[in-house]
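Trainee: Take any residue in the sequence shown, note its place counting from 1, add 451, and you have its number in the numbering used here.
Just so you know, even glycine gets a beta-carbon here, dropped at the ideal spot from N, CA and C.
Take this structure, written in structure tokens, and hold onto it; I'll ask about it next.
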Amino acid sequence: MYVHSAWSIPYADRIGVAMLRIVRNGHMTPGEFLDFPKYGGGRSTFPYRGGCMFQRYIRQVMLNEVGKAGQERLRKAAVAVIGCGGLGTVVSDLLVRAGVGFVKIVDRDTIELSNLQRQTLYDEDDLARNLPKAETAAIKLKKVNSEVVLEPWVIDVNAQNIEDIVSGVDLVVDGTDNFETRYLINETCVAHNIPWVYASVAATCGMTMAVVPRQTACLQCFCGDAPFLRQLPSSDTVGIWGPVVNLMAALEVSESLKLLMGVKSELQGSLLYVDLWAGTFDTLRVHRRVGSCPVCG
Ligand SMILES: [Zn+2]
452 MYVHSAWSIP YADRIGVAML RIVRNGHMTP GEFLDFPKYG GGRSTFPYRG
502 GCMFQRYIRQ VMLNEVGKAG QERLRKAAVA VIGCGGLGTV VSDLLVRAGV
552 GFVKIVDRDT IELSNLQRQT LYDEDDLARN LPKAETAAIK LKKVNSEVVL
602 EPWVIDVNAQ NIEDIVSGVD LVVDGTDNFE TRYLINETCV AHNIPWVYAS
652 VAATCGMTMA VVPRQTACLQ CFCGDAPFLR QLPSSDTVGI WGPVVNLMAA
702 LEVSESLKLL MGVKSELQGS LLYVDLWAGT FDTLRVHRRV GSCPVCG
């Protein structure tokens with residue numbers, strides 16, 4: 452049969468293709484598939500733990516890369532998002548919508564008018580209420596997904612409390628805006644063997660890298676003690692292009708979800724540098740400084 456596009460295929464055939472794809476990959480039996488209302492009319496409750504839950508995550512459970520086993524791993528996972536500004540709001544939102552079971556949101560600040568340009572969990576009413584970002588984000592996200600346990604921490608991250616912050620989590624996501632805090636996260640996560648995902652943004656550019664302790668390079672391997680990092684431009688001084696924030700946060704979450712599901716990522720061991728204005732994406736291989744890195748060596 453000649454078709455102009457996928458949409459020319461009769462509806463029943465498209466469903467058949469989708470069904471075969473899922474059944475062949477072992478995520479569902481044919482009976483389970485037909486029980487799902489969208490495709491089969493909903494003959495009975497889907498046997499996966501909590502029919503409601505299955506329906507909520509169906510679009511990602513359908514993915515070969517996720518499946519029911521991956522979704523279950525996300526449900527059991529605990530993540531700390533440190534910093535809930537531009538990166539952190541998008542990161543928290545994506546993690547909660549994806550069904551990560553426990554999300555700790557750490558931020559000391561309250562909302563300012565200039566945040567609304569890119570910090571997607573906040574609005575003008577929140578600005579008027581003058582509540583801390585972490586609490587506001589948790590209130591919003593609880594409405595998005597009540598199955599997720601949300602824990603807002605309104606504190607300034609420092610060497611005295613970082614151990615408590617990362618305690619009990621499986622992964623840390625960087626939503627901070629400075630390298631001092633990132634070095635602290637790096638040292639603590641490597642010491643406790645907790646993977647973490649770094650990202651930074653400024654102007655129209657961003658960088659991201661996942662750190663898996665003693666498997667990939669850590670932040671210290673990559674940056675050393677380069678003094679220029681302390682003076683790197685921030686959104687306060689050079690501005691920030693809203694879309695690059697969302698993009699880098701999405702990249703962070705994509706790598707985070709892979710790590711939580713125990714999936715090997717092609718990006719692990721690499722730093723991804725994006726110039727969104729120029730439309731360039733560069734992947735740089737970063738090697739561990741085995742034996743010489745003071746943090747992970
Ligand atoms: Zn290192």
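Smallest Cα separation from Arg528: which of Gln719, Lys555, Tyr724 and Thr655?
Mentor: First, the residue type needs correcting, since residue 528 is Ala and not Arg in the sequence shown. Closest option to Ala528, Cα to Cα, is Lys555.
Trainee: Can you tell me whether Val512 is buried or exposed, with buried defined as 16 or more other CB within 10 angstroms of its CB?
Mentor: Buried: at least 16 other Cβ atoms inside 10 Å.
Trainee: What would DSSP say about Val737, mapped onto helix, strand or coil?
Mentor: It is coil, neither helix nor strand.
Trainee: So Thr719 and Thr667 are in contact, right, with Cβ under 8 Å, and what is the actual spacing, rounded?
Mentor: In the sequence under discussion, the amino acid at residue 719 is Gln, which differs from the Thr named in the question. That pair is a contact at about 5 Å.
Trainee: To the nearest angstrom, report how far apart Ala642 and Val617 are at their CA atoms.
Mentor: Each residue's alpha carbon lies about 11 Å from the other.
Trainee: Considering only heavy atoms of ligand 1, does any lie closer than 7 Å to the CB of Arg739?
Mentor: Yes, Cβ of Arg739 sits closer than 7 Å to a heavy atom of ligand 1.
Trainee: Whose C-beta lies closer than 6 Å to the C-beta of Ala700 among residues of the same chain, with five residues either side of it excluded?
Mentor: So the list reads Leu538, Val541 and Val542, once near-sequence residues are dropped.
Trainee: By DSSP's criteria, Cys656 is part of a beta bridge. Which residues make up the other side?
Mentor: DSSP output for Cys656 lists Ala653 and Asp726 as bridge partner(s).
Trainee: Closer than 8 Å is the cut-off here; do at least three beta carbon pairs connect the region 593–610 with the region 720–738?
Mentor: In short, these stretches do not touch, since the Cβ pair count stays below three.
Trainee: Where Ser743 and Val737 are concerned, what is the direct C-alpha to C-alpha distance, given to the nearest angstrom?
Mentor: Near 15 Å, if we compare the C-alpha coordinates of Val737 and Ser743.
Trainee: Given this structure, state the Cα-to-Cα distance separating Arg633 from Cys747, to the nearest angstrom.
Mentor: If you take the alpha carbons of Arg633 and Cys747, they lie about 15 Å apart.
Trainee: Quick one: is the Cβ of Ala668 within less than 7 Å of any heavy atom of ligand 1?
Mentor: Yes.
Trainee: I need the boundaries of the alpha helix (DSSP H) containing Ala668, first residue and last residue.
Mentor: Segment: none, Ala668 is in no alpha helix (DSSP H) and carries neither H nor E.
Trainee: Residue range of the beta strand (DSSP E) that Asp625 falls in?
Mentor: That run of the beta strand (DSSP E) goes Leu622 to Asp625.
Trainee: I need the boundaries of the beta strand (DSSP E) containing Lys715, first residue and last residue.
Mentor: Premise fails: Lys715 is in no beta strand (DSSP E) and is neither H nor E.
Trainee: Tell me whether Ala528 sits in a helix, a strand or coil according to DSSP, three-state version.
Mentor: Correct three-state label for Ala528: coil.
Trainee: Of all the beta strand (DSSP E) runs that stay within the bounds of the region 591–617, which reach a length of 3 or more residues?
Mentor: The region 591–617 contains these whole beta strand (DSSP E) runs: 600–604.
Trainee: With burial defined as no fewer than 16 other Cβ atoms inside 10 Å of the residue's Cβ, what is the status of Ala589: buried or exposed?
Mentor: Ala589 comes out buried.
Trainee: Using the Cα positions of Val689 and Phe505, report the straight-line distance between them to the nearest angstrom.
Mentor: Computed Cα separation, rounded: 44 Å.
Trainee: For ligand 1, I want to know if Gln719 counts as a neighbour, meaning its beta carbon is within less than 7 Å of at least one of the ligand's heavy atoms.
Mentor: Outside the cutoff, so no.
Trainee: Nearest chain C C-beta to Asp615 closer than 8 Å, yes or no?
Mentor: In the structure shown, chain C does not exist; there is a single protein chain.
Trainee: Cβ of Arg746 within 7 Å of any heavy atom in ligand 1?
Mentor: A small fix is needed here, since residue 746 is Val in this sequence, not Arg. Answer for Val746: yes, Cβ within range of ligand 1.
Trainee: Answer yes or no: do Thr587 and Ile606 have a C-beta to C-beta separation smaller than 8 Å?
Mentor: Against a cut-off of 8 Å, the Cβ pair of Ile606 and Thr587 comes out as no contact.
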